[in-house]
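Q:
There are 2 protein chains.
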Amino acid sequence: MNIGIFGATGLVGKEFLKLLDENHLNIKFNKLRLFASESSIGKKINFRNSNLIIENYNDKVYSELDVLILCTSSNVSKIIINSAKNYDCLIIDNSSAFRFDKDVPLVVPEINGHLIKNNNIIANPNCCTALLTLVLYPLHLKYKINKVIVSTYQSASGAGQKGLDELVLNATESYPIFGRQYLYNVFSHNSEIDLHTRYNDEELKIILETKKILNSDIKISATCVRVPTIRAHAESIHIEFQNETKLNDIRNILNNQSGVIIEDDIENNEFPEPIKVENKFEVMVGRIRHDLSDDSKKSINLFLCGDQLLKGAALNAYQILNLGT
Amino acid sequence: MNIGIFGATGLVGKEFLKLLDENHLNIKFNKLRLFASESSIGKKINFRNSNLIIENYNDKVYSELDVLILCTSSNVSKIIINSAKNYDCLIIDNSSAFRFDKDVPLVVPEINGHLIKNNNIIANPNCCTALLTLVLYPLHLKYKINKVIVSTYQSASGAGQKGLDELVLNATESYPIFGRQYLYNVFSHNSEIDLHTRYNDEELKIILETKKILNSDIKISATCVRVPTIRAHAESIHIEFQNETKLNDIRNILNNQSGVIIEDDIENNEFPEPIKVENKFEVMVGRIRHDLSDDSKKSINLFLCGDQLLKGAALNAYQILNLGT
Chain A
71 MNIGIFGATG
81 LVGKEFLKLL
91 DENHLNIKFN
101 KLRLFASESS
111 IGKKINFRNS
121 NLIIENYNDK
131 VYSELDVLIL
141 CTSSNVSKII
151 INSAKNYDCL
161 IIDNSSAFRF
171 DKDVPLVVPE
181 INGHLIKNNN
191 IIANPNCCTA
201 LLTLVLYPLH
211 LKYKINKVIV
221 STYQSASGAG
231 QKGLDELVLN
241 ATESYPIFGR
251 QYLYNVFSHN
261 SEIDLHTRYN
271 DEELKIILET
281 KKILNSDIKI
291 SATCVRVPTI
301 RAHAESIHIE
311 FQNETKLNDI
321 RNILNNQSGV
331 IIEDDIENNE
341 FPEPIKVENK
351 FEVMVGRIRH
361 DLSDDSKKSI
371 NLFLCGDQLL
381 KGAALNAYQI
391 LNLGT
Chain B
71 MNIGIFGATG
81 LVGKEFLKLL
91 DENHLNIKFN
101 KLRLFASESS
111 IGKKINFRNS
121 NLIIENYNDK
131 VYSELDVLIL
141 CTSSNVSKII
151 INSAKNYDCL
161 IIDNSSAFRF
171 DKDVPLVVPE
181 INGHLIKNNN
191 IIANPNCCTA
201 LLTLVLYPLH
211 LKYKINKVIV
221 STYQSASGAG
231 QKGLDELVLN
241 ATESYPIFGR
251 QYLYNVFSHN
261 SEIDLHTRYN
271 DEELKIILET
281 KKILNSDIKI
291 SATCVRVPTI
301 RAHAESIHIE
311 FQNETKLNDI
321 RNILNNQSGV
331 IIEDDIENNE
341 FPEPIKVENK
351 FEVMVGRIRH
361 DLSDDSKKSI
371 NLFLCGDQLL
381 KGAALNAYQI
391 LNLGT
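Those protein sequences? They're chains A and B, same order as listed. According to the numbering used here, the first sequence is numbered sequentially starting from 71. According to the numbering used here, the second sequence is numbered sequentially starting from 71.
1) Between the alpha carbons of B:TYR132 and A:ASP264, how many angstroms are there, rounded?
2) Give me the Cα-Cα distance between B:ASP271 and B:LEU278, rounded to the nearest whole angstrom.
3) Looking only at its chain, what residues have a beta carbon closer than 6 angstroms to the beta carbon of B:LYS289, apart from the 5 residues adjacent to it on each side?
4) Quick one: what's A:GLU305 bridged to in DSSP?
5) Check B:ALA154 in the structure and name its three-state DSSP category.
6) Quick one: does B:ARG359 have its CB under 7 angstroms from some CB of chain A?
7) Output, in sequence order along the chain, the residues in the segment 293-326 of chain A whose CB is closer than 7 angstroms to any CB in chain B.
8) How about A:LYS282 and A:LEU176: are their beta carbons less than 7 angstroms apart?
9) Can the beta-carbon of A:LEU160 be found less than 7 angstroms from the beta-carbon of A:VAL137?
10) So is B:SER258 buried or exposed if we call it buried at 16+ other beta carbons inside 10 Å?
11) Exposed or buried, what is B:GLY382 when buried is set at 16 or more other beta-carbons lying within 10 Å of its beta-carbon?
12) Could you tell me whether the Cβ of A:SER435 comes closer than 7 angstroms to any Cβ of chain B?
13) Going by the beta-carbon positions, is the gap between B:SER244 and B:ARG301 smaller than 7 angstroms?
14) Once you ignore the five residues that flank A:LEU317 on each side, which residues in its own chain have a CB closer than 8 angstroms to its CB?
15) Is there contact here, the segment 189-198 of chain B with the segment 154-169 of chain B, by at least three beta-carbon pairs under 8 angstroms?
16) Shortest alpha-carbon distance to B:GLU262 belongs to which of B:ASP334, B:LEU274, B:VAL256, B:TYR252?
17) Whose Cβ in chain B lies nearer than 8 angstroms to the Cβ of A:ARG103?
18) On the DSSP bridge list, what partners appear for A:GLU340?
19) If I measure Cβ to Cβ from B:VAL297 and keep anything under 6 angstroms in the same chain, skipping five residues before and after, which residues do I get?
20) Please decide whether A:LYS367 counts as near chain B, where near means a Cβ-Cβ distance under 7 angstroms.
21) In terms of residue numbering, what span does the beta strand (DSSP E) encompassing B:VAL205 cover?
22) Going by DSSP, what residues sit across from A:GLU310 in a beta bridge?
23) Report yes or no: is there a C-beta of chain A within less than 7 angstroms of the C-beta of B:ASN255?
24) In or out: A:GLU337 buried (at least 16 other Cβ within 10 Å) or exposed?
25) Does B:ILE247 come within less than 7 angstroms of chain A when only Cβ atoms are used?
26) From the beta carbon of A:PHE170, is the nearest beta carbon of chain B less than 7 angstroms away?
27) Could you give the distance in angstroms between the alpha-carbon of A:LEU201 and the alpha-carbon of A:HIS303?
28) State buried or exposed for A:PRO344, treating a residue as buried only when at least 16 other CB atoms are found within 10 Å of its CB.
29) Determine which residues of the segment 110-122 of chain B have a Cβ less than 7 angstroms from any Cβ of chain A, and write them out in chain order.
30) Going by DSSP in three states, A:VAL178 sits in which element: helix, strand or coil?
31) A:GLU85 and A:LEU379 - do their beta-carbons sit closer together than 7 angstroms?
32) Taking all protein chains shown into account, decide if A:LEU239 is buried (16 or more other Cβ within 10 angstroms of its Cβ) or exposed.
33) Which residues does DSSP list as the beta-bridge partners of B:HIS360?
34) Quick test of your reading: A:VAL220 and A:SER306, contact by CB under 8 angstroms. State the CB separation rounded to the nearest angstrom.
35) Is the shortest distance between the beta-carbon of B:LYS214 and the beta-carbons of chain A less than 7 angstroms?
36) If you draw a straight line from the alpha carbon of B:TYR207 to that of B:ILE323, how long is it in whole angstroms?
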């Protein structure tokens with residue numbers, strides 16, 4: 071099996087490469103090839119004691135690859151997929167380009183991994199959506215979600231290396247990516263805003279992708295906010311179920327969910343934090359409690375954190391690769 | 071009128087002193103005296119070209135003062151009020167000590183300022199609550215709130231000078247106040263957690279104080295989170311009303327609310343940010359939009375920012391002083 075990573079020099083591409091290097095799921099592959107935009111062509115990247123050289127891509131390469139991992143923008147993913155789809159490749163796309171194509175499954179392996187077989191193109195969800203759905207899914211199975219209201223606390227890494235640099239390196243000078251001071255500040259997500267609904271693109275992704283992944287027309291509302299953190303996202307989540315809930319049962323359900331760990335120590339005030347999940351595979355969930363205003367005990371609040379470069383992107387793609395080959 | 075500020079060297083005390091110095095409401099007063107804990111006694115603080123000396127306080131001073139501004143902890147406020155309440159003083163207490171005493175009004179002047187007259191003790195609300203209620207109040211009058219779900223993004227200054235120092239000065243060393251790294255991190259509010267409800271004290275304050283200030287048993291749920299910002303808080307707010315809403319009308323209502331300004335520019339992605347409201351009197355509100363999942367248009371989302379040391383504390387107390395004298 072020959073694997074090509076497209077956009078190999080970006081934050082997600084690098085994480086995917088690291089996952090392939092460590093290869094904890096022991097995926098068998100022969101050749102690994104790296105592709106990126108023109109400015110990176112010819113650069114060497116060390117991988118398992120050999121140097122991989124960043125290549126330019128053209129339509130010929132698709133016949134030489136069995137798997138395409140796209141860590142590219144939507145526009146670039148569209149161009150690559152339109153050319154590559156005629157070849158017998160598995161394409162795993164991290165961008166939003168095909169997430170709502172009815173023939174393209176949108177996959178979080180723990181939820182709907184069965185959709186991977188028999189499909190050549192698999193879409194990897196938005197970072198916040200992947201973290202959110204992994205926590206919602208087992209609870210929805212048991213109690214049936216009526217409505218979700220989520221407010222996010224999103225890190226700089228979601229805007230790539232340049233966004234990260236703007237927080238960490240250049241924090242008191244100019245702001246070409248975000249257009250405003252990031253350090254010691256909080257601001258509405260920097261994605262484009264739909265002038266009709268007044269929601270930004272990130273919020274609409276969460277709303278629409280969650281329904282597709284859960285395969286359920288649940289009600290969901292989202293507010294996406296950037297906070298000055300490095301690489302893990304947090305989400306404050308209110309869930310209203312159709313049925314009465316028991317907290318112990320919710321804890322058990324989440325405890326049994328693969329990919330989720332609970333951090334909910336009310337005696338020591340230890341709950342999920344971005345720095346606790348950096349470089350971790352699991353989504354951390356805590357602050358599990360009933361909404362005191364709902365006497366029927368159908369509503370709860372949760373707080374989660376997850377590494378958006380891992381389960382929110384590269385790890386989820388790597389898990390899809392494992393199931394798809 | 072002789073005014074005494076207790077806890078004059080803390081963050082809120084200093085802001086109150088600055089407000090009295092600028093005195094934009096032109097409150098008439100004669101003597102100003104400053105009190106603080108033992109470690110500050112004898113220190114000089116410059117006020118209008120003279121030096122005020124920080125004094126120790128004892129039961130004698132209450133007979134010499136007409137107004138007591140308490141910028142003290144709950145425990146200290148209780149001690150002072152229990153001694154001072156027998157004197158003919160107006161006491162404005164920033165702590166939570168008497169906020170739920172049925173004889174003590176909890177006041178945001180724009181909402182229930184009429185309660186100040188004929189009461190000697192006035193409680194100043196929790197910082198998040200003051201900002202939140204000022205936005206909820208005019209909307210509740212028009213559309214009747216059914217339920218509010220709020221997630222906060224709270225700054226370091228809410229934990230006083232030492233909390234602020236832990237973020238800004240000492241960010242990579244030890245963490246005596248918060249017990250964890252603050253810079254580049256987000257964590258559940260550091261107040262005590264009620265082991266029965268699993269809510270922290272800050273969340274319970276928002277829930278209970280909002281009902282008292284709005285004089286209405288609305289449903290409300292809160293999640294309080296610290297983010298690495300300096301002095302202004304942010305809140306992501308979901309409101310479900312009893313009646314169908316119109317966005318233009320909501321904008322007009324908020325635009326006409328004294329103390330509120332709207333920042334809601336969807337074309338340029340300019341919305342409320344903590345750094346935009348630092349040292350500002352107004353609560354800034356934006357991201358005003360319908361919840362897309364509610365076809366009845368009874369639900370909206372909002373995002374607000376406000377200087378928690380000003381409208382969230384010292385400014386609100388200063389406004390109470392103005393109405394009470």
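We put the CB at the ideal spot given by N, CA and C, even for glycine. Since the structure is predicted, the reported quantities are computational estimates derived from the model, not experimental observations.
A: Here's the rundown:
1) Near 59 angstroms, if we compare the C-alpha coordinates of A:ASP264 and B:TYR132.
2) Distance between the alpha carbons of B:ASP271 and B:LEU278: 10 angstroms.
3) Result list for B:LYS289: LYS217, in chain order.
4) Beta-bridge pairing links A:GLU305 to A:THR222, A:LEU374.
5) Taken through DSSP and simplified to helix, strand or coil, B:ALA154 comes out as helix.
6) True, the Cβ-Cβ gap to chain A drops below 7 angstroms.
7) If the cut-off is 7 angstroms between Cβ atoms, the segment 293-326 of chain A has THR293, VAL295, VAL297, PRO298, THR299, ILE300, ALA304, SER306, HIS308 near chain B.
8) Yes, Cβ-Cβ distance for A:LYS282 and A:LEU176 is below 7 angstroms.
9) Yes, these two residues count as a Cβ contact at 7 angstroms.
10) Burial is judged here by how many other beta carbons sit within 10 angstroms of a residue's own beta carbon; B:SER258 has at least 16 and is buried.
11) The C-beta of B:GLY382 has 16 or more other C-beta atoms within 10 Å across all chains shown, which makes the residue buried.
12) Residue 435 of chain A lies beyond the residue range present for chain A, which begins at 71 and ends at 395; the question has no answer from this structure.
13) Going by C-beta atoms, B:SER244 is not nearer than 7 angstroms to B:ARG301.
14) The beta carbon of A:LEU317 sits closer than 8 angstroms to the beta carbons of ILE358, ARG359, HIS360, ILE370 from its chain, once the five residues preceding and following it are set aside; these are given in chain order.
15) Yes, the segment 189-198 of chain B is in contact with the segment 154-169 of chain B.
16) B:GLU262 has its Cα closest to that of B:LEU274, out of B:ASP334, B:LEU274, B:VAL256, B:TYR252.
17) Simply none; closest approach about 35 angstroms.
18) For A:GLU340, which the question treats as bridged, DSSP gives the partners A:ASP335.
19) Around B:VAL297: TYR223, VAL256.
20) Under the Cβ criterion of 7 angstroms, A:LYS367 is not counted among the residues facing chain B.
21) Careful: B:VAL205 lies outside any beta strand (DSSP E), inside the alpha helix (DSSP H) at 197-213.
22) DSSP links A:GLU310 through a beta bridge to A:LYS217, A:SER369.
23) Yes, contact with chain A.
24) The Cβ neighbour count for A:GLU337, taken over all protein chains shown within 10 Å, is under 16; the residue is labelled exposed.
25) It does not: the Cβ of B:ILE247 has no partner Cβ on chain A nearer than 7 angstroms.
26) Not an interface residue.
27) If you draw a straight line from the Cα of A:LEU201 to the Cα of A:HIS303, it comes to about 9 angstroms.
28) Result: buried.
29) For the segment 110-122 of chain B, which is checked against every Cβ of chain A, not one residue is closer than 7 angstroms.
30) Coil, per DSSP.
31) For A:LEU379 and A:GLU85, yes; Cβs fall inside 7 angstroms.
32) Per the 10 Å Cβ criterion, exposed.
33) Beta-bridge pairing links B:HIS360 to B:ILE370.
34) In this structure A:VAL220 touches A:SER306 by the C-beta definition: roughly 7 angstroms separates them, less than 8 angstroms.
35) With 7 angstroms as the cut-off, B:LYS214 does not count as an interface residue toward chain A.
36) If I take the Cα positions, the gap works out to 10 angstroms.
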